[in-house]
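The structure under discussion appears below in the form of structure tokens.
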Amino acid sequence: MRRAALALALGALLVLSIVLGVRFGSVHLTTAEALAALTGGGSRVSRMIVLDLRLPRTLLGALVGGGLALAGATFQALLRNPLAEPYILGISGGASVGAVLVLALGLATVGSWMLPVAAFAGALLAIALVFRVASASGRGMDVRVLLLAGVVVAAFFSACIAFILSISEARTVQSAVLWIMGSLAGADWQSVTLAAAYTLPAGLLLLALARPLNLMAIGEETASYLGADVRRVKLVAFAVASLITAAGVAVAGVIGFVGLVVPHAVRLLTGTDHRALLPLSFLAGAVFLSLADLAARLVLAPAETPVGVITAFVGVPIFLVLLRRSLAR
Amino acid sequence: MTFETKDLVVRYPGTASPVLDGVTMTVPEGALYAVLGPNGSGKSTLLKALMGVIPVAAGSALVGGRPASSWKRREMARAVGAVAQSETLTFPLTVRELVAMGRYAHQGALSAESPHDRRAIDAALEACDVTELAERDATTLSGGELQRVRIARALAQEPSALVLDEPTASLDIRHEMAILELLEHSARRGITVLLITHGLDLAARYADRMLLLDRGRVAAEGAPGKVLDARTLSDVYGWPVAVTDDHVTGVPRVIPLGRTTGSRTPVPPS
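Just so you know, the sequences run in chain order A and B. FYI, my numbering numbers position 149 of the first sequence as 138, with every residue one higher than the one before it. Take any residue in the second sequence, note its place counting from 1, add 1025, and you have its number in my numbering.
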């Protein structure tokens, strides 16, 4: 009952944040003008601003935010750790190495699928590295070891990116840097289609794994005694969550902490049943990033703040509180 | 449901000597079977081999006459309820949600809780005396409460066997006895119970048969009166013990002795 109410509330909020995202921006439009443009009326300029710039941008924010929150909730269940998140684990970093490599080598012209595929390969490489480093300690999934492994792997990827950029042309560097900071400014209908094509089917696949993820969240040994095929669930869920992360990185760059803040908040409201947690995290993540992007556009208007900066300002304090709590246990 | 191993050998990668080295044992249908042995003697490894979650290097581990590794996980979960040694709850879950996970192997991917599922959950909560805790956050339970909830989850699986790894460790006598009586009651209803424990005296009272492991090998197997032999136990545990018949319960009772004269415990006659 409570979950249905929350889903309705989040759905309404999402519609509201999309409307706000279309209504506000560096060019002033009245609500009437924005609504007219949405329905195909109004002036040509306002139609262009609303339909070609603001609407795809807001939808992209919703898709990427929802996807990152979904990926975060999945990693948290698999690692039994509320601090696990694509950015913290270095997965976003890995994805961005793949993407920067594609930009630097000029391979993006080969096809629109190049960037997400390279980002996905980078994300998988990052996961493999983090696990290698974390399990080499012999203490398995200790929070501290895992975070440290994430930090080390992320540092390695930053170095890779710095190296690639140092030997790239100035134009590539500029677009790559903007993009590493995380921004939805490059949104167009093509990137919306791309994000939707990866995120939505992958999200449905994760939803189908909600029940086994419930079991994984209480421990792998117990999960297999209760009937979960632990190896398969781990493999599929890690790959799918990485794919979602990679798609997000490919279209919007590195946006941290969405996957940390959102599932945490949703869990406080509904508990840990992933059948509710996953879809509600998707909705809440969509709302969160749409609103964060609105803030990114308005805080220093007419200049833009990278949305990754906004999510980090919100996310870091929450991360620190969670870290204190999990180290106190 | 029966459990059986023949010359079972289990190795962990990177270790020189096997953790289990030629273990042969048989748990008959409906028995309450205790597995005893010092820390590190291979008790938990035996449980994992029987549950099919670790590879068998040589010999066999059979569940219901079939190799443990040939069981599908869901199939195994419908037949055997297992309670691992420990479990860390990271995220908030109600007791009922935790026990309801016992129904996983009986449900389809998308199906909701059936009336049968609900009955099984309620009965399991009732049997373990945790019905009052159903809506509590499981991360706030005491050790004894959480143990009973975990056993309730295994019972909710409606299994024909229960396998438990030190379920009464760190529990006070009331909670320890409640769990042993529950297991005894389950065995009487035909559920085979395999219990790993350090409690020699209580195992002597409740178990039909027992297995004593010593560094991965079988030190003794059979009825409690046979396994609980003073010399065998002293050898296996590396500490002198005496065994008497308890005048209250009439079953063997193990008394650890002292090694130095002048301590508060008697030393064995040399």
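All C-beta atoms, glycine included, are put in the ideal place defined by N, C-alpha and C.
Next item on the list: Take the Cβ of residue 1200 of chain B as the centre, count every other Cβ of all protein chains shown within 10 Å, and call the residue buried at 16 or more, exposed below.
Entry: Burial call: buried.
Next item on the list: Compile a chain-ordered list of the residues in the region 1182 to 1193 of chain B whose CB is closer than 9 Å to at least one CB of chain A.
Entry: Listed by position, the residues of the region 1182 to 1193 of chain B near chain A (Cβ gap below 9 Å) are 1182 and 1188.
Item checked: 8 Å Cβ cutoff, residue 1296 of chain B in contact with chain A -> The structure shown has nothing for residue 1296 of chain B, since chain B only spans 1026 to 1295.
Next item on the list: Step through the CB atoms of chain B and report whether any lies within less than 8 Å of the CB of residue 74 of chain A.
Entry: Answer no: the Cβ-Cβ gap between residue 74 of chain A and chain B never drops below 8 Å.
Next item on the list: Taking only beta carbons into account, state which residues of the region 208 to 235 of chain A come closer than 7 Å to chain B, listed in chain order.
Entry: Residues 208, 210, 211, 213, 214, 215, 216, 217 and 218.
Next item on the list: Taking only beta-carbon positions, decide if residue 1080 of chain B is within less than 8 Å of chain A.
Entry: Residue-level contact by beta carbon fails for residue 1080 of chain B and chain A, as no gap is shorter than 8 Å.
Next item on the list: Could you tell me how far apart the beta carbons of residue 1112 of chain B and residue 1175 of chain B are, in whole angstroms, since I believe they sit closer than 8 Å?
Entry: Contact flag correct, Cβ pair sits at about 7 Å.
Item checked: Beta-bridge partners of residue 1092 of chain B, as assigned by DSSP -> B:1087.
Checklist line | Cβ shell of residue 226 of chain A (< 7 Å), same chain only, five flanking positions each side left out | finding: Here the set comprises 63, 67, 195, 198 and 202.
Next item on the list: Pull up the DSSP beta-bridge partners for residue 1107 of chain B, would you.
Entry: Answer is B:1188, bridged to residue 1107 of chain B.
Item checked: As assigned by DSSP and simplified to three states, the class of residue 1029 of chain B -> In this structure, residue 1029 of chain B counts as strand in the three-state DSSP scheme.
Check: Is the region 1100 to 1109 of chain B touching the region 1185 to 1196 of chain B, taking contact as three or more C-beta pairs under 8 Å?
Finding: Short answer: they touch.
Next item on the list: With 9 Å as the C-beta to C-beta threshold (strictly closer), list the residues of the region -4 to 13 of chain A near chain B in chain order.
Entry: Of all residues in the region -4 to 13 of chain A, none has a Cβ within less than 9 Å of some Cβ in chain B.
Next item on the list: State yes or no: is the C-beta of residue 43 of chain A within less than 8 Å of the C-beta of residue 14 of chain A?
Entry: Yes, they are a contact pair.
Note to self: So if I threshold CB-CB distances at 9 Å, which residues from the region 9 to 42 of chain A count as touching chain B?
What the structure shows: Result list empty, no residue passes.
Check: Taking the alpha carbon of residue 306 of chain A as the point to measure from, which residue in A:8, A:96 and A:253 has its own alpha carbon closest?
Finding: With distances taken between Cα atoms, residue 306 of chain A lies closest to A:253.
Check: Which residues, in order along the region 1053 to 1087 of chain B, keep a beta-carbon less than 7 Å from a beta-carbon of chain A?
Finding: Answer set for the region 1053 to 1087 of chain B: 1076 and 1078.
Note to self: Using beta carbons (cut-off 8 Å, strictly below), is residue 1109 of chain B in contact with chain A?
What the structure shows: Residue contact check for residue 1109 of chain B against chain A: a CB pair falls below 8 Å.
Margin query: Classify residue 1272 of chain B: buried if its beta carbon has 16 or more other beta carbons within 10 angstroms, exposed otherwise.
Written below: If you draw a 10 Å sphere on the C-beta of residue 1272 of chain B, you find fewer than 16 other C-beta atoms in it, and that means exposed.
Check: Can you give the Cα-Cα distance for residue 1197 of chain B and residue 1166 of chain B, rounded to whole angstroms?
Finding: Looking at the backbone, the Cα of residue 1197 of chain B and that of residue 1166 of chain B are separated by about 15 Å.
Item checked: C-beta contact flag for residue 1181 of chain B and residue 1204 of chain B at 8 Å -> Not in contact: residue 1181 of chain B and residue 1204 of chain B (Cβ atoms no closer than 8 Å).
Next item on the list: Using the Cα positions of residue 61 of chain A and residue 258 of chain A, report the straight-line distance between them to the nearest angstrom.
Entry: Linking residue 61 of chain A to residue 258 of chain A through their CA atoms gives a straight-line distance of about 17 Å.
Checklist line | Residues of the region 1127 to 1143 of chain B whose Cβ lies closer than 7 Å to any Cβ of chain A, in chain order | finding: Those would be 1127, 1129, 1130 and 1134, in chain order.
Margin query: List, from N- to C-terminal side, the alpha helix (DSSP H) runs of 4 residues or more that fit wholly inside the region 1141 to 1188 of chain B.
Written below: Look at the region 1141 to 1188 of chain B and you find these whole runs of alpha helix (DSSP H), each 4 residues long or longer: 1168 to 1181.
Note to self: I'd like to know if residue 71 of chain A contacts chain B, where contact means its C-beta is closer than 8 Å to some C-beta of that chain.
What the structure shows: Proximity of residue 71 of chain A to chain B, defined by a Cβ-Cβ separation below 8 Å, is satisfied.
Notebook entry, point to check: Any Cβ of chain B within less than 8 Å of the Cβ of residue 262 of chain A?
Noted result: With a threshold of 8 Å between beta carbons, residue 262 of chain A makes contact with chain B.
Check: Cα separation between residue 1154 of chain B and residue 173 of chain A?
Finding: Roughly 55 Å separates the two Cα atoms.
Checklist line | Beta carbon of residue 248 of chain A nearer than 8 Å to that of residue 115 of chain A | finding: Contact check for residue 248 of chain A against residue 115 of chain A fails: the beta carbons are separated by 8 Å or more.
Notebook entry, point to check: Using a C-beta to C-beta distance shorter than 7 Å, which residues of chain A count as neighbours of residue 1112 of chain B?
Noted result: Residues of chain A passing the Cβ test: 207, 208 and 211.
Next item on the list: Locate the beta strand (DSSP E) running through residue 1278 of chain B, then write down its first and last residues.
Entry: DSSP places residue 1278 of chain B in the uninterrupted beta strand (DSSP E) bounded by 1277 to 1281.
Notebook entry, point to check: Got a sec, what are the start and stop residues for the alpha helix (DSSP H) residue 1202 of chain B sits in?
Noted result: First-last of the alpha helix (DSSP H) with residue 1202 of chain B: 1198 to 1213.
Next item on the list: Sort A:157, A:161, A:118 and A:164 by Cα distance to residue 143 of chain A and report the nearest one.
Entry: Nearest Cα to residue 143 of chain A within the set A:157, A:161, A:118 and A:164: A:118.
Next item on the list: Check whether the Cβ atoms of residue 181 of chain A and residue 272 of chain A sit closer than 8 Å, and answer yes or no.
Entry: No, Cβ-Cβ distance for residue 181 of chain A and residue 272 of chain A is not below 8 Å.
Checklist line | residue 1114 of chain B versus A:170, A:169 and A:212, residue with shortest Cα-Cα distance | finding: Measuring from the Cα of residue 1114 of chain B, the nearest candidate turns out to be A:212.
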